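Everything below concerns the one structure shown next.
There are 2 protein chains.
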Amino acid sequence: MSDLASIGMERGMLYETILTTRNPDGKPNAAPIGVICKDMDEVVVYLHEGSRTVKNIKKEGEFVVNILKDPLIFVESTLGNPPADNFAEYKDNFYIKTTEAFFKAKVNHLRDVERKDQFGVSRTTIVRAGVEEIVKKKDQVEPLNRAIYGIIEALVYLTRMDLVSGDTERLYHHRIREISRIVNKVGGPEHKKAMKRVLEAFSEYSLE
Amino acid sequence: MSDLASIGMERGMLYETILTTRNPDGKPNAAPIGVICKDMDEVVVYLHEGSRTVKNIKKEGEFVVNILKDPLIFVESTLGNPPADNFAEYKDNFYIKTTEAFFKAKVNHLRDVERKDQFGVSRTTIVRAGVEEIVKKKDQVEPLNRAIYGIIEALVYLTRMDLVSGDTERLYHHRIREISRIVNKVGGPEHKKAMKRVLEAFSEYSLE
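Residue numbers (my numbering), protein chains in the order written: chain Z, 54 to 261; chain A, 54 to 261.
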């Protein structure tokens, strides 16, 4: 079974996951990476140049995607690498012990590009990979998607707009634009439709 | 069965839900409300004075808590009330059709208080209610909690700290404080521990 629907993924949406790979010395590496569900058997990831993850994937041609919501794993894999006892092995691959599910992804296509964003130009590797094997540690899995959280945060600001002014008001406008960007990047059609309605309601509070 | 663990709730955590109540004219009302899992058979909610929800709860002595992630329901119940065809009836109570689960809560204790927050003094009604009946529309239910989202957002800022300065840097510091406040309000012990580590890492980037 290699259908991403079995772990709650929907085509076109981006999920917050932990990628596990093997370092040249054979030890496990973990990194927090957004994974786009391109199709029910294919994912796309954008990786920063120079990262351990991209080097390992270029060398091994595969990686493991962990679906979990364990806050400490996200923190530890961002600040460095989680302690070794957080990893387990499955057929020569590493996964995170507390994961709800994981799957092996095999690289189909890999491309280095230059990307320009709000922080300048950076080199990024775009990886397209096929879903090889899905292992569920839990019956029903819900992958982490940020869209609904963004909408709820935006609604909190909306209900406070009559109470704020000055710097706080400008901050809310800034956050709403940022949230809208995220929801449209990671969300599905219903999230985008909901965000559009929030923006319409927000536009009644235009800044001077 | 009236144990909140059956719908994935943990003691001490706050979940984003939709409360449904009955208006005096018999029509359904929906509002987005944070519900604290006080114990496995008891919840606490804080309601703004003057809201339709608090009036209905004072009159009826009960309400329904809907566990769902439907973005349009959150938007519509914030901006006004969802159209009537979004509601269904169960034993004289209303629930939201797209909900993953719902339960009836019976008021045990109700108290009007004055609360002071960043926006000034407001009157709030604190309701303590017993969980009477849980109905699951899905085998495994995951209620909406904002803690992991906050931690992931904070980690995004942390990885960008070397790239930003001036207004953006100040904005990130502001957001981190706000996220920390939310995570400590809504999260569990693991979320708070993770947030503490993020704050420690963040403190290396002190503002001038």
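Note that the Cβ used here is the ideal one computed from N, Cα and C, for glycine as well. Because the structure is a prediction, the values reported are computed rather than measured.
Interface residues of the stretch 104-129 of chain Z facing chain A [CB-CB below 7 Å]:
So the close ones are Lys122, Pro124, Leu125, Phe127, Val128.
Closest Cα partner of glutamate 185(Z) within the set Pro77(Z), Pro196(Z), Met93(Z), Glu253(Z):
Checking every option, the nearest Cα to that of glutamate 185(Z) belongs to Met93(Z).
Any beta carbon from chain A within less than 8 Å of lysine 246(Z)'s own beta carbon?
Answer yes: the Cβ-Cβ gap between lysine 246(Z) and chain A drops below 8 Å somewhere.
At what residues does the beta strand (DSSP E) containing leucine 163(Z) begin and finish?
Its beta strand (DSSP E) spans residues 154-170.
Please list the terminal residues of the continuous beta strand (DSSP E) segment that includes isoleucine 86(Z).
81-92 is the span of the beta strand (DSSP E), which, as asked, contains isoleucine 86(Z).
Nearest to asparagine 146(A) (by Cα), restricted to the options Leu252(A), Pro77(A), Val117(A):
Taking the Cα of asparagine 146(A) as reference, the smallest distance to any Cα among Leu252(A), Pro77(A), Val117(A) is reached at Val117(A).
I'd like to know whether the C-beta of isoleucine 205(A) is nearer than 8 Å to at least one C-beta of chain Z.
yes
So with Cβ pairs under 8 Å, would you call arginine 250(Z) a contact of chain A?
Yes, contact with chain A.
Please classify leucine 216(Z) as buried or exposed, where buried requires at least 16 neighbouring CB atoms within 10 angstroms.
With a 10 Å radius around the Cβ and a threshold of 16 neighbouring Cβ atoms, leucine 216(Z) comes out exposed.
Hey, quick one: how far does the beta strand (DSSP E) through tyrosine 210(A) stretch, first residue to last?
No beta strand (DSSP E) contains tyrosine 210(A), which is instead part of the alpha helix (DSSP H) from 200-213.
So tyrosine 99(A) is in the beta strand (DSSP E); what residue range does that whole segment cover?
95-101
Whether glutamate 113(Z) touches isoleucine 205(A) by CB criterion (8 Å):
no
Based on Cα-Cα distance, which residue from Glu129(A), Gly65(A), Asn109(A) lies nearest to alanine 254(Z)?
Glu129(A)
Output the distance between the C-alpha atoms of leucine 211(A) and leucine 132(Z), rounded to the nearest integer angstrom.
9 Å
Among Thr74(A), Lys122(A), Pro81(A), Val96(A), which one has its Cα closest to the Cα of alanine 247(Z)?
Lys122(A)
Less than 8 Å between CB atoms is the rule here; does tyrosine 210(Z) satisfy it with respect to chain A?
no
The beta strand (DSSP E) with asparagine 119(Z) in it runs from where to where?
From DSSP, the beta strand (DSSP E) with asparagine 119(Z) extends over 115-120.
Could you check if alanine 58(Z) is buried or exposed, using at least 16 other CB atoms within 10 Å of its CB as the buried criterion?
Per the 10 Å Cβ criterion, exposed.
When you compare the stretch 217-226 of chain Z with the stretch 98-106 of chain A, are there three or more beta-carbon pairs, one atom per stretch, that lie closer than 8 Å?
no
Exposed or buried, asparagine 82(Z), counting other C-beta atoms within 10 Å across all chains shown (16 or more means buried)?
buried
Please list the partners that phenylalanine 156(A) has in chain Z, where partner means a Cβ-to-Cβ separation under 8 Å.
Simply none; closest approach about 19 Å.
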